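What follows is one structure encoded as structure tokens, with my remarks underneath.
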Amino acid sequence: MVAALTRIFGVHNLSLAEDVVQDAFCRALEVWKVRGVPDNPSAWLMATAKNRALDVIRRERTATHFAPELSRLFESEWTLAPVIDESFASEIVRDEQLRMMFSCCDPRLKEEVQIALVLNILCGFGAQEIAGAFLAGRAAVEKRIARGKQSLAASRRLFDLTDDDVASRLPVVQRALYLLFNEGYHSVSADSVVRTELCREAIRLTELLAGDPRTGTPPTHALAALMHLHAARLPGRLDGAGDLSSLVDQDRSTWDAALIARGIALLEQSARGDEVSVYHLEAAIAAAHVQAPSVDRTDWHTIVALYDRLMTVAPSPVVALNRAIAIAQRDGPERGIDALETITDAGRLAAYPFYRAAFGELEIRRGRPGDARPHFEAAVHLARNATERRHFEKRLQTCASK
Amino acid sequence: MSDYIYLFRTTAEARRAAMGTPELAQQSMQRWLAWLGDLETKGHLKSRGQPLENEGKLVRGKSKVITDGPFAEVKDLVAGFMIVEARDISQAAELAKGCPILEGDGAVEVRPVMAMNF
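Top to bottom, those sequences are chains A and B.
Under this note's numbering, the first residue of the first sequence carries the number 1, and numbering increases by one thereafter.
Under this note's numbering, the first residue of the second sequence carries the number 1001, and numbering increases by one thereafter.
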């Protein structure tokens, strides 16, 4: 909705577009709380936003400069309403969202600013959630968003992107969607661990990319595959009591077969080119997991090999952590602990509870629950929400009972 | 059974605060829908009414001067209305105790609707 309104008002009026959406949302809730939620709430919101846009343009026609390419059509009541209507048509909105994504990913902005903008404008993320996804501070992210919006507002030609712009910006757009999905999958917000709707949103936007001939490249398909394969496991991530369930304990019958099938099909589609992106590797790892009947019968050799390749193209402490866990599965807990201890740049994992928890798990597995204790105690301390905390506390009790 | 009108009185600020974040807004909406659902199942809800905008005009006196609000600043802004059916005014007032607007320190004005028998 912000995307459609930004097209109408012009990018320099981005905050006006956001205000209109916020206002439409508040009005909707005021009415819904007494009249009940309508059958089609999003259509209702759209209609409200559309009317507010008309009001704003009529009221401020002379005082404010709106989108230059549309401003002449705003001068007459005859053309005003149809233009607004058209801007909200579903296929236009879809197109606007694509364009908005690419507009946020302006190469003059730093990559982290671009991603923060996509998450904020297209996905409605707050600064707190974005800070979580970046392992960064909230104040820094707020500054980033404000700076990005200022710079977007300064550029008046937002929507006439060339095909070259699209090609050069595609990787940043992919990365933003990847982070969006991750945030949904490992949500750091205080009240919930898994926010399915964020994953769904990321999948929706990625499918949008995949469906467009200019952006539907092999890495885009691999990214879409990766998301489907992870999303398939979402129902198993929490157990019946709403607690985190590790891969070992997950009930594989709860995994979504339709999403797995779609993910595998996308992965095959992504293999058309000769390019092997990070997303290809991660999707292949996810495919190895979902296709295995159990943890013991998982192809850990392939998974370790894929992590090795991932470490050469996109090394990060989190990848190294996952690789260490896969090595422990293949070669036993001692080798896993060795791998954990040799992670370079482990300092960046200092605040990541699953790093300490990994040590704890492997100590338990090699029969030293006493050594596992301090690790789980640290993990409990670092937990970012109640569900994580309960999970680590349970593991802590396991150490005590052994 | 007689009809009573509920006038919901609050401040623009409290109204905004209730919608401050998506979580708060959702909670507020759920509380309202729960309260209304309860009134409805017990057969008290006659009309759900409509919420009112914060802005408006005031037309006053013989000179018929029209002034703007300023409703946004007043301490007891009428935010909406609703009509219930109750045995008597004390039951109507008792039923109003469930209204979520009270949690935000607002008020419910309960007024009997004059009966017209033809």
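Note that the Cβ used here is the ideal one computed from N, Cα and C, for glycine as well.
Bear in mind the structure is a predicted one, so any value in this text is a computation, not a measurement.
Is A:L281 buried or exposed, if buried means 16 or more other CB atoms sit within 10 Å of its CB? Flag for A:L281 reads buried.
Can you check which of these residues, A:C199, A:A225, A:T196, A:L198, is closest to A:A210 by C-alpha distance? Scanning A:C199, A:A225, A:T196, A:L198 for the CA closest to the CA of A:A210 turns up A:A225.
Is it buried or exposed for B:I1089, if we count other Cβ within 10 angstroms and need 16 for buried? Exposed, because fewer than 16 other Cβ atoms sit within 10 Å of the Cβ of B:I1089.
How do the region 145-156 of chain A and the region 108-115 of chain A stand: do at least 3 beta-carbon pairs fall below 8 Å, yes or no? Contact holds: three or more Cβ-Cβ distances are below 8 Å.
Return the chain-ordered list of same chain residues with a C-beta closer than 6 Å to the C-beta of B:S1028, the five sequence neighbours on each side being excluded. Excluding sequence neighbours, B:S1028 sits near A1018.
Hey, is A:V31's beta-carbon within less than 8 Å of any beta-carbon in chain B? Yes, A:V31 counts as interfacial toward chain B.
Take every Cβ of the region 310-329 of chain A, pair it with every Cβ of the region 254-265 of chain A, and state whether three or more of those distances are shorter than 8 Å. In short, these stretches do not touch, since the Cβ pair count stays below three.
Is there contact between the region 161-176 of chain A and the region 206-222 of chain A, where contact requires at least three CB pairs shorter than 8 Å? Below 8 Å, enough C-beta pairs join the region 161-176 of chain A and the region 206-222 of chain A to call them touching: three or more.
Using only the alpha-carbon positions, how far apart do A:D39 and B:T1067 sit? Going from the Cα of A:D39 to the Cα of B:T1067 covers about 39 Å.
Out of A:K33, A:A386, A:R395, which has the shortest C-alpha to C-alpha gap to A:H375? The candidate whose alpha carbon is nearest that of A:H375 is A:R395.
Let me know the secondary structure DSSP gives A:G360 once reduced to three states. Helix.
Tell me which residues share the same chain as A:Y279 and place their Cβ nearer than 6 Å to its Cβ, disregarding the 5 neighbours each side in the sequence. Taken in chain order, the residues that qualify are P219, A222, L223, L226.
Give the secondary structure of A:F125 by DSSP, where H, G and I count as helix, E and B as strand, and everything else as coil. Reduced to three states, the DSSP call for A:F125 is coil.
Between A:C399 and A:E388, what straight-line distance do the alpha-carbon atoms span, to the nearest angstrom? Near 17 Å, if we compare the C-alpha coordinates of A:E388 and A:C399.
Following the continuous beta strand (DSSP E) through B:S1002, name the residue where it begins and the one where it ends. 1002-1010 is the span of the beta strand (DSSP E), which, as asked, contains B:S1002.
Whole-angstrom C-beta distance between A:S245 and A:R237, which should lie under 8 Å: A:S245 and A:R237 do touch by the CB rule: their CB atoms are close to 6 Å apart, below 8 Å.
Consider the Cβ of B:T1114: report whether some Cβ of chain A lies at a distance smaller than 8 Å. Here the sequence assigns Met to residue 1114 of chain B, which means Thr is not the residue at that position. Answer no: the Cβ-Cβ gap between B:M1114 and chain A never drops below 8 Å.
Throw me the rounded Cβ distance for the A:A283 and A:W300 pair, which I believe falls under 8 Å. A:W300 and A:A283 do not touch by the CB rule: their CB atoms are close to 17 Å apart, not below 8 Å.
For A:D256, collect the residues of the same chain with a Cβ closer than 6 Å to its Cβ; drop the 5 residues on either side in sequence, then sort them by chain order. Excluding positions up to five away in sequence, the list reads A232.
Could you name the residues that DSSP lists as bridge partners for B:F1081? DSSP output for B:F1081 lists B:L1007 as bridge partner(s).
Tell me whether the beta-carbon of A:L306 lies closer than 8 Å to the beta-carbon of A:V319. At the C-beta level, A:L306 and A:V319 stay beyond 8 Å of one another.
Helix, strand or coil at A:T343 according to DSSP, with G and I counted as helix: Residue identity differs from the one stated: residue 343 of chain A is Ile in this sequence, not Thr. For A:I343, the three-state secondary structure derived from DSSP is coil.
With a CB to CB cut of under 6 Å and the five nearest residues on each side skipped, what residues in its chain are close to A:T254? The residues are P235, G236.
Taking the DSSP output, what are the residues bridged to A:P171? In the DSSP output, where bridge partners are listed per residue, A:P171 has none listed.
Just list the residues that DSSP pairs B:I1066 with in beta bridges. The beta-bridge partner set that DSSP reports for B:I1066 consists of B:V1059.
Could you pull out every unbroken alpha helix (DSSP H) segment of at least 4 residues lying fully inside the region 276-334 of chain A, listed in chain order? DSSP runs (the alpha helix (DSSP H)) wholly in the region 276-334 of chain A: 278-290, 300-313, 317-331.
With B:M1082 and A:V34 assumed to form a contact (beta carbons below 8 Å), what rounded beta-carbon distance in angstroms separates them? The pair is a contact, with the Cβ atoms about 7 Å apart (cut-off 8 Å).
Per the contact definition of three or more C-beta pairs closer than 8 Å, is the region 364-374 of chain A in contact with the region 1042-1062 of chain B? No contact exists between the region 1042-1062 of chain B and the region 364-374 of chain A.
Name the chain B residues that come within less than 7 Å of A:C26, Cβ to Cβ? Taking a Cβ-Cβ threshold of 7 Å, the residues of chain B close to A:C26 are M1019, in chain order.
So, is A:S401 buried or exposed, given that buried needs 16 or more other C-beta atoms within 10 angstroms? By the 10 Å Cβ count, A:S401 comes out exposed.
Compare the C-beta of A:R169 with all C-beta atoms of chain B and state if any pair is closer than 8 Å. Interface with chain B (8 Å Cβ-Cβ cutoff): A:R169 is excluded.
So with CB distances below 7 Å, who are the chain B contacts of A:G184? Under a criterion of Cβ atoms nearer than 7 Å, no residue of chain B is adjacent to A:G184; the nearest Cβ is some 16 Å distant.
When DSSP labels each residue in this structure, what does A:A383 get in the three-state scheme? For A:A383, the secondary structure class from DSSP, reduced to helix, strand or coil, is coil.
Could you check the C-alpha separation between A:Y185 and A:L119 for me, to the nearest Å? Looking at the backbone, the Cα of A:Y185 and that of A:L119 are separated by about 15 Å.
In whole angstroms, what separates the C-alpha of A:A153 from that of B:E1013? Answer to the nearest angstrom: the Cα atoms are 30 Å apart.
What residues in the region 1089-1109 of chain B have a beta carbon less than 9 Å from any beta carbon of chain A? Within the region 1089-1109 of chain B, the residues whose Cβ lies closer than 9 Å to some Cβ of chain A are P1100, listed in chain order.
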